[in-house]
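Take a look at the structure set out below.
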Amino acid sequence: MTNDDATSANNSVPDLDIPADFEMGVATSAWQIEGDLAGRGRCNWDDFADTPGKIVDGAKGDPACDHVHRLEEDLDLLAWMGVDAYSFTFSWARVIPGGVGVPSAGGLDFYDRLVDGLIARGIRPFATLFHWDTPSELEQAGGWTNRATAEAFAEYATVLADHFADRIERWATLNEPWCPSFLGYAAGYFAPGLTDGGAALSAGYHLMLGHGLAIERLRSAGAKNLGIIINVIPTVTDDPAMADATHHVDGIQNRFWLDLLGGRGIPEDLRRHCADLTDWSFVREDDFAVIAAPIDWVGENYYSVNRVVSIGDAGSAAIGQDASMFPGAPDHAFAPRPPYTDMGWEIYPPGIRWALERVSEALPGVPIYICENGAAVEEVTDDDGIHDPVRTQYLHDHIGEVLKAREEGIDVRGYNAWSLLDNLEWASGWTKKFGMIRVDPETRERTIKDSAEWYRQQLARRKA
Ligand code: FCB
Numbered sequence: 194m195t196n197d198d199a200t201s202a203n204n205s206v207p208d209l210d211i212p213a214d215f216e217m218g219v220a221t222s223a224w225q226i227e228g229d230l231a232g233r234g235r236c237n238w239d240d241f242a243d244t245p246g247k248i249v250d251g252a253k254g255d256p257a258c259d260h261v262h263r264l265e266e267d268l269d270l271l272a273w274m275g276v277d278a279y280s281f282t283f284s285w286a287r288v289i290p291g292g293v294g295v296p297s298a299g300g301l302d303f304y305d306r307l308v309d310g311l312i313a314r315g316i317r318p319f320a321t322l323f324h325w326d327t328p329s330e331l332e333q334a335g336g337w338t339n340r341a342t343a344e345a346f347a348e349y350a351t352v353l354a355d356h357f358a359d360r361i362e363r364w365a366t367l368n369e370p371w372c373p374s375f376l377g378y379a380a381g382y383f384a385p386g387l388t389d390g391g392a393a394l395s396a397g398y399h400l401m402l403g404h405g406l407a408i409e410r411l412r413s414a415g416a417k418n419l420g421i422i423i424n425v426i427p428t429v430t431d432d433p434a435m436a437d438a439t440h441h442v443d444g445i446q447n448r449f450w451l452d453l454l455g456g457r458g459i460p461e462d463l464r465r466h467c468a469d470l471t472d473w474s475f476v477r478e479d480d481f482a483v484i485a486a487p488i489d490w491v492g493e494n495y496y497s498v499n500r501v502v503s504i505g506d507a508g509s510a511a512i513g514q515d516a517s518m519f520p521g522a523p524d525h526a527f528a529p530r531p532p533y534t535d536m537g538w539e540i541y542p543p544g545i546r547w548a549l550e551r552v553s554e555a556l557p558g559v560p561i562y563i564c565e566n567g568a569a570v571e572e573v574t575d576d577d578g579i580h581d582p583v584r585t586q587y588l589h590d591h592i593g594e595v596l597k598a599r600e601e602g603i604d605v606r607g608y609n610a611w612s613l614l615d616n617l618e619w620a621s622g623w624t625k626k627f628g629m630i631r632v633d634p635e636t637r638e639r640t641i642k643d644s645a646e647w648y649r650q651q652l653a654r655r656k657a
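With positions in the sequence shown counted from 1, the corresponding number in the numbering used here is that position plus 193.
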């Protein structure tokens, strides 16, 4: 069978016509794959994982995928896949154990080998500074509710820019600040496990301040192509009685980040409706210009939609959709519609185009990259391999919608699938698998799934 055939050997999913100049990549994150706790400082997720009952299967951040010790093998898998870019994240506690002070030579050396190994294989390094793993010492001092964490983050950005500005193609300050703030400080599902809506608002604000300060530092140290990755999620309702709740959920999920980045400050309705949770005394009006520092691109991560309903109409449980994540909102619930992924997330491909439109309206003129998109799904293993047709179809349908948005004039420049490897899915541990490549939870052996083969073929076809 050749690449010209309409379908790949293992899938009945059709091929896509992806333009050759549309950047295709794959994403991972530090805590989810690296392991090697001996080579870094501890982070809030290590502490969270050590707290009984927080991670469903008791998984820990070491060995994770043992990526630190299997770097060459993983780089070779990326090269096999034929990606243009690889989106990885730095572990703050590996670069600067404790979060402030002297950088670790061993930590920088690991990322040197990663970055140089990518460049040697013709893959563009695409780095994110923070994907939720706050150094433990900083978390113990209040984490992102403490303004000092934003300032420490700027110092950390300076260390990275001084060391890597000449080699990293594109930089993101933060990945999805909504998640650590609202899943971590309001709902308690993520580290640090607090249930305090006011703390979540403060954490979200200081994350964005950290972003703005880091942009200034990165730029002045000569780093190029600076941005941030957010997760704008279509938030809708069919029930007119739920309009206010939907607006509030949209405010916390989407407008808070988009308005701060766009120089519009904090949405007035959120300020009012959350007045019982916080007095907002952490806000300094002159921060707004720092937070809205010009960026060269913005990242969007898309998985699903938020369908808001009244409590009586609550639907099947989807991980990440729960009223506790949206403090200050009038009573509400969520009702995702089938089909679902293993996370209980509704599969809704047009939502990715909606999200792109929303981001491009809110931040006009800023190019967009899809930085994560993918699915945890059921897989069947037999003598022929690991068959994950639902994942392949998901990727096909979502990439198709992204390309449609591009044809309609949205300035979307690239797509990254989540994820290269099965990995530690945060509080779900090893129980939810997003990888296009299996990682055996006992041996850490890598095995290519059908979806990886399909993705590789789509990337190869572009150059044909
Ligand atoms: C995103 C996270 C990523 C992974 C996927 C499934 O929100 O950024 O680390 O957990 O969800």
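Ideal placement from N, C-alpha and C gives every residue a C-beta, glycine not left out.
Everything numeric in this text was worked out from a predicted model, so none of it was measured.
When 640, 565, 621, 211 are compared, the shortest CA-CA separation from residue 576 is found for 640. Remark: three or more beta-carbon pairs, one from each stretch, lie closer than 8 Å, so the segment 605–613 and the segment 215–227 are flagged as touching. Counting C-beta pairs with one atom in each stretch, the segment 295–304 and the segment 265–274 have fewer than three that are closer than 8 Å, which means they do not touch. If you draw a straight line from the Cα of residue 445 to the Cα of residue 371, it comes to about 8 Å. Taking 7 Å as the cut-off, the C-beta of residue 446 does not count as close to any heavy atom of the ligand FCB. Exclusion of residue 490 from the 7 Å shell around the ligand FCB follows from its C-beta lying no nearer than that to any non-hydrogen atom of the ligand.
At a threshold of 7 Å, residue 541 does not count as near the ligand FCB, since its beta carbon sits no closer than that to any of the ligand's heavy atoms.
Look at the beta carbons and you see the segment 504–514 not touching the segment 457–468: under three pairs across the two are nearer than 8 Å. Nearest to residue 539 by alpha-carbon distance, out of 565, 464, 487, 427, is 427. DSSP places residue 325 in the coil class of the three-state scheme, outside both helix and strand. For the ligand FCB, no non-hydrogen atom lies closer than 7 Å to the CB of residue 566. Taking residue 345 as the centre and dropping the five residues before and after it, the same chain places the C-beta of 292, 293, 331 closer than 8 Å to its C-beta, in chain order. The beta carbon of residue 372 sits closer than 7 Å to at least one heavy atom of the ligand FCB. In this chain, residue 383 is not harboured by any beta strand (DSSP E), its DSSP state being neither H nor E. Residue 549 places its beta carbon less than 8 Å from that of residue 595. In terms of side-chain proximity, the C-beta atom of residue 238 is found no nearer than 7 Å to any non-hydrogen atom of the ligand FCB. Using a Cβ-Cβ distance cut-off of 8 Å, the segment 485–496 and the segment 464–477 are not in contact, since fewer than three pairs of beta carbons, one from each stretch, lie closer than that value. Contact between residue 327 and residue 414 is absent: CB atoms are separated by about 22 Å, not below the 8 Å threshold. Between the segment 359–371 and the segment 398–406 there are three or more inter-stretch CB-CB distances shorter than 8 Å, so the stretches are counted as touching. Taking the Cβ of residue 618 as the reference point, at least one heavy atom of the ligand FCB falls within a distance shorter than 7 Å. Nearest C-alpha to residue 500 among 377, 529, 492: 529. As a beta-bridge residue in DSSP terms, residue 575 pairs with 578.
Shown here, residue 280 sits in a strand according to DSSP, grouped into three states. Of the residues 234, 298, 228, 245, the one whose Cα lies closest to the Cα of residue 264 is 228.
Beta-bridge partners assigned by DSSP to residue 599: none are found. Across the set 284, 241, 450, the C-alpha of 450 shows the shortest separation from the C-alpha of residue 552. Taking residue 281 as the centre and dropping the five residues before and after it, the same chain places the C-beta of 221, 307, 320 closer than 7 Å to its C-beta, in chain order. With distances taken between CA atoms, residue 516 lies nearest to 379 out of 379, 262, 581, 335.
DSSP places residue 318 in the strand class (E or B) of the three-state scheme. In this structure, the beta-carbon distance from residue 408 to residue 342 does not fall below 8 Å. Going by C-alpha positions, residue 239 is about 15 Å away from residue 387. In this chain, the beta strand (DSSP E) harbouring residue 217 covers 216–220. In the same chain as residue 572, and ignoring 5 residues on each side of it, the C-beta atoms closer than 6 Å to its own belong to 579, 581, in chain order. For residue 539, the three-state secondary structure derived from DSSP is strand. Its Cα nearest to that of residue 286, the residue 296 stands out among 419, 296, 384.
As the crow flies, the alpha-carbon of residue 363 is around 21 Å from that of residue 211.
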